[in-house]
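Colleague: Those sequence lines, one after another, are chains R and H.
Position one of the first sequence corresponds to residue 1 (my numbering), numbered consecutively onward.
Position one of the second sequence corresponds to residue 1 (my numbering), numbered consecutively onward.
Before I ask anything, let me first share the structure, which is written out below as structure tokens.
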Amino acid sequence: MVLAKLGLDGHDRGIKVIARALSDSGMEVVYTGLRQTPEQVANAALQEDADVVAVSILSGAHMTLVPALIQCLRSLGVGDIPVVVGGIIPNEDSPALKAAGVADIMGPGTPLSQLVKRLTEIAKSERR
Amino acid sequence: MWAMMSKTSFVGRETVKQDDIDSLAQGREFSTLSGIPVKEIYTPDDISSLNYEKRLGEPGSYPYTRGVHRAMYCKRLWTMRQFSGFGTPDQTNERFKYLLSTGETGLSVAFDMPTLMGYDPDDPLSRGEVGREGVSVATIRDAERLFSGIPLDRVSVSMTINGPAIVLLALYIVAAERQGVGQAELSGTLQNDILKEYIAQKEFIFPPEPSVRLVVDTFEYCSRNMPKYNFISVSGYHIREAGATAVQELAFTLADGITYVEKAVERGLSVDDFAPRISFFFDSHIDFFEEIAKFRAARRMWARIMTERFGAKNPRSAWLRFHTQTAGVSLTAQQPLNNVVRTAYEALAAVLGGTQSLHTNAMDEALGLPTEEAAKLALRTQQILALETGVANTVDPLAGSYYIESLTEAIEEQAWKIIGEIENMGGVIRAIESGYYQRALSDSAYRYQRSLEEKRRFLVGVNAFRDDEEPKIPVFKVDPEIERSQVEAVRTLREKRDKSRLEHALEELASASKRQENLVPFVIECVRSDATMGEIVKTLKGVYGEYLEPRIF
């Protein structure tokens, strides 16, 4: 699983907790670190042969950066890698993000166990 | 019969099983959020060795445990200083005026990510980010618009900026100058605490050594030219929000403070010349008594550090003056109205802890930037606290409490240990480079999350008393049009300015930085020459390089 911080947003507490929980549950986790562009994350996903890309974004820039990421994945020929988003994503933006190709949105207050389960599900089932 | 009835609800619907608060409470941790065990009862025996003169003192007297001033709020209330900013400088200027008219008593500026990271609005990395997390400021024109109609000789301004703090300082000075206000009249605070960026907030630009040098430049410049200005706000808030416990927050913050004082003294500055204008910034979290004890321990520890370690003679050098923000991380996206309650308790703790200045979060904190209504209620929270509850009528009312004094001692003891560990590692910068902070924060954050998962700690509305449906409350939206207008503004400025003056100013800045001169006057000249944020930062990046942090989780 590739876990990524997209854009300039530096809030990394949540993504690190999730990375550790996934790691503890036996998943192979690659954390890209901060300040990743859509191109960088897409390249990481390609290189790591990711089963899922999980993006954390709290800056409000998600409507620009997430669709851009999906575009990059497609142009690299790996548009089938599911993208999951977390952070601060207003409910009203969910439909547009899903329409852009996001597989799921998991916001604050989602229990870790549920997150791990759902991400594992997505990683195993959605890539052809 | 009552017990059974309380577990179910009837309102003409099927009975619904609710959480049982008694059994939840039975499973709780009997320890503070830092893990300090809390006893059922505290008695005089717990503080029998407490020497009032040595360990507490009167407020306004060493070691300042009870407060840095004798009369505290009896004479003057804490400043009500609400962090705000979004969109264009004009929009933020409007919000400033709204908050001032609603009763806030100081300004606090929130900048957007591009500004915080030193990028112009038209930088490719700024795409989608302009005006979203705060106000976009890239030029002197932006700064003038931001403060338009706000008399900078009468309103104090705090600016939350770190990597490019020197640039914002220059913008502020020049904007004030154009209002006819001299540097010596300016009152306010520059956050300017780069060490905590490597530790927690991650808004660093250059590597640690040159970045700390820039901070000391501001110490030197401001202590000479701006007697009413707090040139640094040594911060624990971000460290806490990133996962630290209260004890870690306290220890890491004071260790940072020690580092800055050391560096300034190494530069040749005399402690009493700058220390009185060092200020601090702490979190006020939800474990009520622990926070109060933390603030008291902080004052006592800093007083000792400044007098014993650094030999300060001026009493003001030993005063730990601080701003507080209620804990954003304690607030929830679920049932946002609950956040009003949390914020009120946290504000109360900050006031009982003797803060000089306070920001209370809005209830929509986890959903977006504050709407006007939410921002107003956050301010009213402070006003009710100040005017109705009576807690401001006497200083340090909890002094002498068996529990509070025991807890203050315990927090202090644990914090000293951590400061000692950091010293043994070779100091804060070595500790940063080794990944120590990353692991420490990651561990604490994970431990806390597990405690929530296991219902040993609670978030009402999240792991207890969840609702099936969430209310739809208005959420603030940033107009994407702002990005276009800020991009246009910066491009227009670039076209219209005197290009040779600008180039000269940037060249002078580059040479001065290579010679390790105090850069503040050079950055001021750049700002006067209409240099943009991005241009100034790029010039410095050319000399210092950029910092990449190791990816530890």
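Ideal Cβ positions, reconstructed from N, Cα and C, are used throughout, including at glycine.
A quick note: this is a predicted structure, and the numbers were derived from the prediction, not measured.
Just how far apart, CA to CA, sit H:THR245 and H:ALA386?
Modeller: Answer to the nearest angstrom: the Cα atoms are 28 Å apart.
Colleague: For H:THR43, I'd like the list of residues in its chain whose CB is within less than 8 Å of its CB, leaving aside the five on either flank, ordered along the chain.
Modeller: Taken in chain order, the residues that qualify are TYR402.
Colleague: Can you tell me where the alpha helix (DSSP H) holding H:THR394 begins and where it ends?
Modeller: No alpha helix (DSSP H) contains H:THR394, which DSSP labels as neither H nor E.
Colleague: According to DSSP, is R:GLN47 part of a helix, a strand, or is it coil?
Modeller: Looking at R:GLN47 - three-state DSSP - the assignment turns out to be helix.
Colleague: If you run the structure through DSSP and keep just helix, strand and coil, what is H:HIS359?
Modeller: If DSSP states are grouped into helix, strand and coil, H:HIS359 belongs with the strands.
Colleague: So, is the C-beta of R:THR32 closer than 9 Å to a C-beta in chain H?
Modeller: At least one chain H Cβ lies under 9 Å of R:THR32.
Colleague: Assuming H:ALA347 contacts H:SER284 (C-beta within less than 8 Å), just tell me the rounded distance between them.
Modeller: Right, their Cβ atoms sit about 7 Å apart.
Colleague: Candidates H:PHE282, H:CYS222, H:ARG300, H:PHE289: which alpha carbon is nearest H:PHE274's?
Modeller: Ranking H:PHE282, H:CYS222, H:ARG300, H:PHE289 by Cα distance to H:PHE274 puts H:CYS222 first.
Colleague: Closer than 9 Å by beta-carbon distance: list the chain R residues that pair up with H:PRO567, in chain order.
Modeller: Residue 567 of chain H lies beyond the residue range present for chain H, which begins at 1 and ends at 553; the question has no answer from this structure.
Colleague: Could you tell me the distance, in whole angstroms, from the CA atom of H:LYS294 to the CA atom of R:PRO82?
Modeller: Answer to the nearest angstrom: the Cα atoms are 45 Å apart.
Colleague: How would you list, in chain order, the residues of chain H whose beta-carbon sits under 7 Å from the beta-carbon of R:PRO111?
Modeller: Those within 7 Å of R:PRO111 in chain H are GLU453.
Colleague: I'd like the span of the alpha helix (DSSP H) that includes H:VAL543, first residue to last.
Modeller: From DSSP, the alpha helix (DSSP H) with H:VAL543 extends over 533-544.
Colleague: Does any C-beta atom of chain R lie closer than 9 Å to the C-beta of H:PHE231?
Modeller: Not one chain R Cβ lies under 9 Å of H:PHE231.
Colleague: If you reduce the DSSP assignment to three classes, tell me which class H:LYS455 lands in.
Modeller: Coil at H:LYS455, not helix or strand.
Colleague: Taking contact to mean at least 3 C-beta pairs separated by less than 8 Å, is the stretch 183-196 of chain H in contact with the stretch 209-219 of chain H?
Modeller: Enough Cβ pairs lie closer than 8 Å, so yes.
Colleague: Which complete alpha helix (DSSP H) runs does the stretch 1-29 of chain R hold, if anything under 4 residues is left out?
Modeller: DSSP runs (the alpha helix (DSSP H)) wholly in the stretch 1-29 of chain R: 13-24.
Colleague: In its own chain, which residues sit with a C-beta less than 7 Å from the C-beta of H:SER264, not counting the 5 before and 5 after it?
Modeller: Residue identity check: residue 264 of chain H is Ala in the sequence provided, not Ser. Cβ within range, chain order: VAL216, PHE219, PHE274.
Colleague: What residues in the stretch 156-170 of chain H bring their beta carbon closer than 7 Å to a beta carbon of chain R?
Modeller: Under the 7 Å Cβ criterion, the stretch 156-170 of chain H contributes no residue.
Colleague: At a Cβ cut of 9 Å, what residues of the stretch 54-72 of chain R count as close to chain H, listed as they run along the chain?
Modeller: Hits within the stretch, in order: LEU58, SER59, GLY60, ALA61, HIS62, MET63, THR64, LEU65, ALA68.
Colleague: Can you list, in chain order, the residues of its chain whose CB lies under 7 Å from that of R:GLU48, leaving out five sequence neighbours each side?
Modeller: Contacts found: VAL2, VAL30.
Colleague: Curious, which full-length beta strand (DSSP E) runs of at least 3 residues does the stretch 37-119 of chain R contain?
Modeller: For the stretch 37-119 of chain R, whole beta strand (DSSP E) runs of length 3 or above, ordered along the chain, are 53-57, 83-87.
Colleague: Within the 9 Å Cβ cut-off, does H:LYS541 reach chain R?
Modeller: Closer than 9 Å: no.
Colleague: Determine, using beta carbons only, whether H:LEU190 and H:ASN230 come nearer to each other than 9 Å.
Modeller: Cβ atoms of H:LEU190 and H:ASN230: closer than 9 Å.
Colleague: DSSP state of H:TYR436, grouped into three classes?
Modeller: Looking at H:TYR436 - three-state DSSP - the assignment turns out to be helix.
Colleague: Taking the beta strand (DSSP E) that H:ILE232 falls in, what are its first and last residues?
Modeller: Counting along the chain, the beta strand (DSSP E) containing H:ILE232 begins and ends at 232-235.
Colleague: Measuring straight from C-alpha to C-alpha, what distance separates H:GLU454 and H:PHE322?
Modeller: Cα to Cα, H:GLU454 sits roughly 35 Å from H:PHE322.
Colleague: Are the stretch 388-395 of chain H and the stretch 421-433 of chain H in contact at 8 Å, needing three or more beta carbon pairs?
Modeller: No: fewer than three Cβ pairs fall under 8 Å.
Colleague: Is it true that the CB of H:ILE411 sits closer than 9 Å to the CB of H:SER34?
Modeller: In this structure, H:ILE411 lies closer than 9 Å to H:SER34 by Cβ.
Colleague: Alpha carbon to alpha carbon, how far is H:PRO124 from R:THR37? Give it in angstroms, no decimals.
Modeller: Cα to Cα, R:THR37 sits roughly 10 Å from H:PRO124.
Colleague: Taking Cβ to Cβ, would you say R:MET106 is nearer than 9 Å to R:GLY79?
Modeller: The answer is no: Cβ separation not under 9 Å.
Colleague: Under the three-state reduction of DSSP, which class applies to H:THR259: helix, strand or coil?
Modeller: In this structure, H:THR259 counts as helix in the three-state DSSP scheme.
Colleague: Identify the contact partners of R:GLY10 in chain H, using a Cβ-Cβ distance below 7 Å as the criterion.
Modeller: In chain order: GLN201, LYS202, GLU203.
Colleague: For the stretch 471-486 of chain H against the stretch 365-384 of chain H, do three or more pairs of beta-carbon atoms, one drawn from each stretch, fall closer than 8 Å, so that the two count as touching?
Modeller: With the cut-off at 8 Å, the stretch 471-486 of chain H and the stretch 365-384 of chain H touch.
Colleague: Hey, is H:ALA440's beta-carbon within less than 9 Å of any beta-carbon in chain R?
Modeller: Closer than 9 Å: no.
Colleague: Going along the chain, which residues of its own chain have a beta-carbon closer than 6 Å to the beta-carbon of H:GLU203, five neighbours each way excluded?
Modeller: Same-chain partners within the cutoff: LEU116, ASN162, GLY163, GLU197.
Colleague: For a contact meaning CB atoms closer than 9 Å, what does R:ILE88 contact in chain A?
Modeller: Judged by its chain identifiers, the structure shown contains no chain A, and its protein chains are R and H.
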